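These notes concern the structure reproduced below.
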Amino acid sequence: MGVFDAIVNPDVVRTGKKVTRVQNINGRSVVLQGHPVFDDNGQVELVVTFVRDITTFHRMKEEIAAQKSLIQQYQRQVSSLNPEEVFLDEGMVAVSRESLEMLHQLDSIAPTEASVLILGETGVGKDIVARRLHRKSHRSTKPFIKVDCTTIPESLVESELFGYESGAFSGAKAKGKRGLFEDANGGTIFLDEIGELSPHLQSKLLRVLQDQEIMRVGSTKAIPIDVRILAATNRDLEKSVAEGTFRSDLYYRLKVVVLHVLPLRERKDDILSLVKVFLHRFNAKYGKQLRLTGKAENALFKYSWPGNIRELENMIHGLVLASKKPLICCADLPTEVGGDQGCVAFSSGDFLSEIGSRPLKEIMRRLERAVIEEALTLYGSVSKAAEALQINRTTIFRKTRRNHDG
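Written out as structure tokens, the structure reads:
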């Protein structure tokens with residue numbers, strides 16, 4: 008193992024007590040623990056020393072401490088910004104442990120020249136990840152060009168990406184046209200939904216990755232370019248490779264680094280922070296000051312969000328546009344969100360159905376309680392609820408106490 012730079016035996020003999028030391032020997036951490044053994048006269052007769060290698064434990068402890076420090080650092084950065092700054096300045100909301108870990112990986116690879124494959128379901132924010140990769144790179148002052156491979160007609164994809172020469176095809180401009188790869192020269196091009204590209208375009212893209220040059224449609228001249236390629240898809244590309252619909256050589260060229268953006272249901276601690284971001288944004292846009300009740304927030308938190316962040320953003324947008332009250336409650340939420348969460352709003356029909364089975368006095372007492380509880384939820388305080396119902400605060404206290412007492 009090596010030579011100890013200190014021994015515990017003299018200290019054990021001198022003190023008559025157990026002595027523990029930690030030493031580094033040949034790059035390994037060991038614990039020395041000396042135990043005294045006494046003779047019949049109470050004097051230390053000999054010392055038994057145990058040696059234990061704790062290198063692995065020590066390294067794990069350091070790694071855990073480093074990870075905790077990193078997460079705390081990101082949490083401090085996030086908490087120091089207001090909601091809109093978190094979204095617009097940082098480009099993404101990262102509160103959950105899963106998102107913070109992905110953010111750390113993202114920021115560590117952003118300054119490199121590696122191509123990155125971003126995987127995730129529709130609506131998880133793959134474009135936000137791509138923009139942050141560009142913004143954190145040395146290409147940040149150069150163009151960022153996003154190409155949605157699903158929105159360009161198949162017949163035009165090649166000419167849009169690589170450009171064309173004069174007379175390349177019917178309807179082509181007389182002077183030809185630069186392609187998006189040339190527009191992105193010096194910067195970053197983001198190919199969203201790359202799994203939709205045809206085999207022909209896959210082979211042309213492979214050439215760009217291999218040779219850093221493109222060739223316009225109708226030309227035989229290669230044009231050198233300096234572009235970092237980011238790609239994203241919601242498809243299982245490994246399955247596509249196995250089925251023969253996606254080139255394996257292109258796949259392995261693209262996946263130098265792979266970033267997995269988790270669906271919202273797997274990083275639930277981000278949900279309410281995203282809600283606040285979108286609520287803040289749309290309140291500012293429409294000059295409103297809407298808030299959500301606790302029950303409404305709980306329903307949003309529990310919902311599975313199959314459409315991910317895009318669905319959440321669109322829902323909050325619609326709620327802000329539609330709301331005529333200062334508080335958004337469960338009754339305002341779509342049925343699939345609030346209906347199954349046990350927070351369906353009070354309805355007079357619930358009480359009309361009790362005619363014939365309960366006396367009028369009991370129906371009215373239960374209706375009165377429902378109205379008061381709804382007002383308390385809606386306005387958040389006894390004073391505001393009393394003002395809205397045009398009754399005294401003491402009346403609310405008395406009626407709620409009487410109703411709860413039976």
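Residue numbers (this note's numbering): 8 to 413. A virtual CB, placed ideally from N, CA and C, is assigned to each residue, including glycine. No experiment lies behind these values; they were computed from the predicted model shown.
Cut-off 8 Å between Cβ atoms - residues of its own chain near residue i, not counting five sequence neighbours on either side
{"i": "F45", "result": "G23, V51, E52"}
{"i": "E318", "result": "G130, W312"}
{"i": "I230", "result": "E189, E220, I221, M222, R223"}
{"i": "Y293", "result": "V327, L328"}
{"i": "L269", "result": "E105, S106, M109, G127, V131"}
{"i": "F404", "result": "V389"}
{"i": "L213", "result": "R254, D256, L257, R260"}
{"i": "G349", "result": "Only weak support exists for where G349 lies, its pLDDT of 44 falling under 50; the coordinates are left without a value."}
{"i": "V54", "result": "V15, N16, V19, V20, G41, H42, P43, V44"}
Range of the contiguous alpha helix (DSSP H) that encloses residue i
{"i": "S115", "result": "104-116"}
{"i": "V263", "result": "Looking at the DSSP string, V263 is not in any alpha helix (DSSP H), and its letter there is neither H nor E."}
{"i": "N315", "result": "315-329"}
{"i": "S166", "result": "161-169"}
{"i": "T22", "result": "16-22"}
{"i": "I278", "result": "278-293"}
{"i": "A382", "result": "367-386"}
{"i": "V419", "result": "Residue coverage of the chain in this structure runs from 8 to 413, which leaves residue 419 outside it and unanswerable."}
{"i": "E304", "result": "301-309"}
Span of the beta strand (DSSP E), counted from its first residue to its last, around residue i
{"i": "F253", "result": "Looking at the DSSP string, F253 is not in any beta strand (DSSP E), and its letter there is neither H nor E."}
{"i": "E52", "result": "51-60"}
{"i": "Q397", "result": "Element bounds for Q397: n/a, residue is neither H nor E."}
{"i": "S36", "result": "35-45"}
{"i": "N31", "result": "26-32"}
{"i": "T240", "result": "235-240"}
{"i": "L126", "result": "123-126"}
Whole-angstrom distance between residue j and residue i, CA atom to CA atom
{"i": "V164", "j": "E189", "result": "14 Å"}
{"i": "N192", "j": "I232", "result": "6 Å"}
{"i": "L204", "j": "S36", "result": "54 Å"}
{"i": "H145", "j": "I116", "result": "12 Å"}
{"i": "V389", "j": "E380", "result": "10 Å"}
{"i": "I398", "j": "L374", "result": "16 Å"}
{"i": "I278", "j": "D256", "result": "38 Å"}
{"i": "R400", "j": "Y386", "result": "13 Å"}
{"i": "R376", "j": "Q296", "result": "28 Å"}
{"i": "E120", "j": "N305", "result": "42 Å"}
{"i": "F151", "j": "H141", "result": "7 Å"}
{"i": "A395", "j": "M371", "result": "19 Å"}
{"i": "I71", "j": "I32", "result": "23 Å"}
{"i": "Q209", "j": "D218", "result": "14 Å"}
{"i": "S162", "j": "C156", "result": "12 Å"}
{"i": "R298", "j": "L286", "result": "8 Å"}
{"i": "V282", "j": "K153", "result": "26 Å"}
{"i": "N48", "j": "Q30", "result": "33 Å"}
{"i": "E343", "j": "Y310", "result": "8 Å"}
{"i": "K149", "j": "S173", "result": "28 Å"}
{"i": "I362", "j": "L307", "result": "35 Å"}
{"i": "K184", "j": "Y171", "result": "5 Å"}
For residue i, the nearest candidate out of the options (CA to CA)
{"i": "H42", "options": "K211, N48, N31, V58", "result": "V58"}
{"i": "R242", "options": "G127, E250, H141", "result": "G127"}
{"i": "L340", "options": "K332, P333, T195, M322", "result": "M322"}
{"i": "K182", "options": "V248, S226, P206", "result": "S226"}
{"i": "K25", "options": "V38, K302, I32", "result": "V38"}
{"i": "H324", "options": "V284, A382, K153", "result": "V284"}
{"i": "T195", "options": "Q209, L216, V234", "result": "V234"}
{"i": "K302", "options": "A73, C336, A72", "result": "C336"}
{"i": "L266", "options": "V29, N48, N16, K133", "result": "K133"}
{"i": "K391", "options": "H287, I135, P333, F308", "result": "P333"}
{"i": "E320", "options": "P206, N290, L244, T342", "result": "N290"}
{"i": "I316", "options": "K275, A338, K331, V248", "result": "K275"}
{"i": "V102", "options": "S147, L271, R66, Y171", "result": "L271"}
{"i": "I135", "options": "T300, D60, V100", "result": "V100"}
Neighbourhood of residue i by C-beta distance below 7 Å, restricted to the same chain and skipping five residues each side
{"i": "E167", "result": "I159, G186, L187"}
{"i": "D114", "result": "K143"}
{"i": "E273", "result": "E105"}
{"i": "A137", "result": "I125, F197, L237, A239"}
{"i": "K246", "result": "none"}
{"i": "Q112", "result": "L266"}
{"i": "K406", "result": "E375, I379"}
Neighbourhood of residue i by C-beta, 6 Å cutoff - its chain only, sequence neighbours within 5 removed
{"i": "A238", "result": "L124, L198, I201, L261"}
{"i": "T62", "result": "R35, S36"}
{"i": "G314", "result": "G130"}
{"i": "F64", "result": "none"}
{"i": "Q40", "result": "T27, F57"}
{"i": "S122", "result": "I236, L261, V263"}
Which residues DSSP lists as bridging residue i, in chain order
{"i": "M222", "result": "A229"}
{"i": "E140", "result": "In the sequence under discussion, the amino acid at residue 140 is Leu, which differs from the Glu named in the question. DSSP, once it has assigned bridges, lists no residue as partnering L140."}
{"i": "K153", "result": "F197"}
{"i": "K184", "result": "Y171"}
{"i": "R146", "result": "DSSP lists no partner for R146."}
{"i": "I419", "result": "Summary: the structure shown does not reach residue 419, with the chain confined to residues 8 through 413, and so no result is reported for it."}
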